[in-house]
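In our numbering, the protein residues as written are 5 to 527. Backbone N, C-alpha and C define an ideal beta-carbon position, used for all residues, glycine too. Predicted, not measured: the structure shown is a model, and the values here were computed from it. Working notes for the structure below.
So this is what it looks like as structure tokens:
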């Protein structure tokens with residue numbers, strides 16, 4: 005069901021975004037041929053093939069504002085209240101949403117010790133009807149050094165994903181209080197002390213929510229481990245428990261960057277995932293979508309050819325039963341249905357991996373030495389539905405635990421919920437030769453002997469023999485995305501005077517294609 009037309013909202017310059025030229029992103033129309041992604045597809049994802057200069061992309065958010073040539077109204081960012089702007093936008097668009105939708109407020113504080121009893125210990129997934137809103141949870145920590153690039157990125161995310169969509173997304177800064185000096189849940193005064201210690205920029209304070217590991221320990225004592233390294237989704241689970249007014253929750257990291265319109269990118273991912281059928285979604289997530297082999301994702305789907313939930317004794321499925329048999333379904337079941345988990349990179353079977361250091365980290369199950377079937381999909385930049393996160397919350401309170409990158413896709417598989425791996429476009433740091441392509445693709449679906457891909461999400465570790473050597477624009481680790489991003493912003497070129505691939509140059513200006521970059525290391 006359509007939400008209806010988006011009502012324009014006010015931006016940081018005090019004007020309706022629909023009427024403010026200073027707040028507009030500028031995409032250039034260049035004669036250069038658009039580079040074909042190494043994997044994924046702009047066309048199939050429904051993503052615009054935009055070219056943006058640094059000013060066209062980040063100028064509205066303060067990039068270049070210290071230069072005399074800056075042509076936009078300069079904003080006093082310390083006077084901007086992003087929480088207020090998001091809530092005002094929601095108020096203008098409230099008629100588009102269900103009664104479940106509400107303003108986001110970080111005060112009064114909702115998080116509390118489990119013993120406080122301020123919320124039920126568990127929510128049933130049937131307790132809530134849809135609100136049609138999604139929370140974007142941006143993970144930070146106390147003492148984080150918010151540099152100008154970080155702030156420009158966060159501002160762009162709020163304007164494009166929240167304000168320009170009429171409030172369909174809400175951006176929240178989830179801040180980890182690592183210092184043991186503070187007990188934020190003991191009193192409002194202690195929370196205020198911890199909040200001040202976190203050194204959150206003034207413009208972001210109204211969207212910031214604190215958490216710490218003792219809070220997780222109070223809720224998930226049976227999992228024994230609560231460090232982000234092992235349990236990156238526990239804070240997100242708890243956020244969904246205390247803030248259940250959202251249908252979905254994106255977990256974002258501070259070192260990712262959208263080089264085009266972030267809201268349009270997320271809309272494209274959401275729409276594509278709704279169109280994806282349930283059948284063989286897990287299998288498809290273990291292959292790269294190779295645009296040199298497949299013309300469409302329909303062709304890719306046909307090339308990959310299990311059904312329903314994967315049964316695990318400790319987990320009772322909550323998803324719908326398959327309406328027909330595997331053989332009789334023509335990739336129709338699940339089409340038009342929201343995905344319960346969206347992953348952003350390659351997945352693999354943890355039981356078969358020889359490189360993932362967490363492959364044996366599985367506890368609470370009776371499935372033998374190897375544990376139940378489970379899949380890891382690094383990085384932990386994923387979207388989870390309220391139903392999935394609430395179910396994982398309950399199951400982890402019982403002591404079921406697996407490592408971070410496997411948590412959402414594996415529990416979704418066991419619960420009978422929908423999984424989606426959209427064909428996000430990404431590039432290598434140069435046009436690859438045939439040998440490098442073979443290293444990455446490993447024959448694709450045609451070479452599979454069990455319906456699953458042979459790729460390894462851990463590629464990039466220095467001690468891996470015969471693994472792909474080239475860097476990619478989106479992966480779990482690596483320095484090249486940051487080099488590419490800074491090179492673009494600073495106008496740097498290679499030693500032979502050419503733009504770094506896949507940038508292009510026009511009239512002395514560097515332009516970046518429409519991508520999601522990760523990880524972008526600090527400048």
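Legend entry - Runs of alpha helix (DSSP H) lying entirely within the stretch 169-213, each at least 4 residues, in chain order: 192-201
Legend entry - Boundaries of the alpha helix (DSSP H) in which residue 413 is found, first to last residue: 408-419
Inset, instruction - Within its chain, find whatever has a CB closer than 6 Å to the CB of residue 521; leave out the 5 residues flanking it on each side and keep chain order. - result: 261, 477, 485, 489
Legend entry - CB contact flag (residue 410, residue 380, <7 Å): yes
Legend entry - Backbone CA spacing between residue 219 and residue 296 [nearest angstrom]: Answer to the nearest angstrom: the Cα atoms are 48 Å apart.
Legend entry - Environment of residue 460 [buried if 16+ CB atoms lie within 10 Å]: buried
Legend entry - the stretch 313-327 contacting the stretch 358-372, beta-carbon criterion three pairs below 8 Å: yes
Inset, instruction - Please classify residue 361: is it buried, with 16 or more other beta-carbons within 10 angstroms of its beta-carbon, or exposed? - result: exposed
Legend entry - Range covered by the alpha helix (DSSP H) that runs through residue 161: 152-161
Inset, instruction - Kindly indicate the opening and closing residues of the beta strand (DSSP E) around residue 428. - result: Looking at the DSSP string, residue 428 is not in any beta strand (DSSP E), and its letter there is neither H nor E.
Legend entry - Spatial distance of residue 124 from residue 115 (CA atoms): 12 Å
Legend entry - Ranges of the beta strand (DSSP E) found wholly within the stretch 5-55, counting only runs of at least 3: List check, beta strand (DSSP E) in window: nothing returned.
Legend entry - CA nearest to the CA of residue 134, picked from 102, 126, 162: 102
Legend entry - Cβ-based burial, residue 230 [other Cβ within 10 Å; buried from 16]: buried
Legend entry - Closest by C-alpha distance to residue 240, when choosing among 11, 389, 305, 334: 389
Inset, instruction - Within the same chain, show all residues whose beta-carbon is closer than 7 Å to that of residue 492, passing over the 5 residues directly before and after it, in chain order. - result: Closer than 7 Å at Cβ, skipping near neighbours: 58, 507, 514, 516.
Legend entry - Span of the alpha helix (DSSP H), counted from its first residue to its last, around residue 499: Premise fails: residue 499 is in no alpha helix (DSSP H) and is neither H nor E.
Inset, instruction - Can you have a look at residue 304 and say buried or exposed, based on whether 16 or more other CB atoms are within 10 angstroms of its CB? - result: buried
Legend entry - Host beta strand (DSSP E) of residue 142 (start-end): Where residue 142 is concerned, the enclosing beta strand (DSSP E) stretches over 138-145.
Inset, instruction - Put residue 472 into one of helix, strand or coil per three-state DSSP. - result: coil
Inset, instruction - Report buried or exposed for residue 483, applying the criterion of at least 16 other Cβ atoms within 10 angstroms of its Cβ. - result: exposed
Legend entry - Cβ contact check for the stretch 144-156 and the stretch 51-69: 3 or more pairs under 8 Å: Verdict: yes, contact present.
Inset, instruction - Determine the DSSP secondary structure at residue 388, reduced to helix, strand or coil. - result: strand
Legend entry - Cβ neighbours of residue 267 in the same chain (closer than 6 Å, five flanking residues each side left out): 164, 165, 168, 169
Inset, instruction - Assign residue 99 to buried or exposed, taking buried as 16 or more other Cβ atoms, counted over all protein chains shown, within 10 Å of its Cβ. - result: Under this definition residue 99 is an exposed residue.
Legend entry - C-beta contact flag for residue 138 and residue 245 at 7 Å: no
Inset, instruction - Going by CA-CA distance only, name the one from 39, 77, 70 that's closest to residue 19. - result: 77
Inset, instruction - Kindly indicate which three-state DSSP category residue 291 falls into: helix, strand or coil? - result: In this structure, residue 291 counts as coil in the three-state DSSP scheme.
Legend entry - C-alpha distance - residue 285 paired with residue 14, whole-angstrom precision: Between the alpha carbons of residue 285 and residue 14 lies a gap of roughly 39 Å.
Inset, instruction - Kindly list the residues whose CB is nearer than 7 Å to the CB of residue 436, restricted to its own chain and excluding five residues on each side of it in sequence; keep chain order. - result: 42, 474
Inset, instruction - Let me know the secondary structure DSSP gives residue 258 once reduced to three states. - result: coil
Inset, instruction - Give the DSSP bridge partners of residue 517, in chain order. - result: 55
Inset, instruction - Report the rounded CA-to-CA distance for residue 1 versus residue 258, giving the unit in angstroms. - result: The displayed coordinates of the chain run from 5 to 527. Any statement about residue 1 would go beyond what the structure contains.
Legend entry - Cβ neighbour criterion (16 or more within 10 Å) applied to residue 283: buried
Legend entry - Three-pair Cβ contact test at 8 Å for the stretch 199-207 versus the stretch 77-96: yes
Inset, instruction - Compute the Euclidean distance between the alpha carbons of residue 288 and residue 456, then round it to the nearest angstrom. - result: So the alpha carbons of these two residues sit roughly 7 Å apart.
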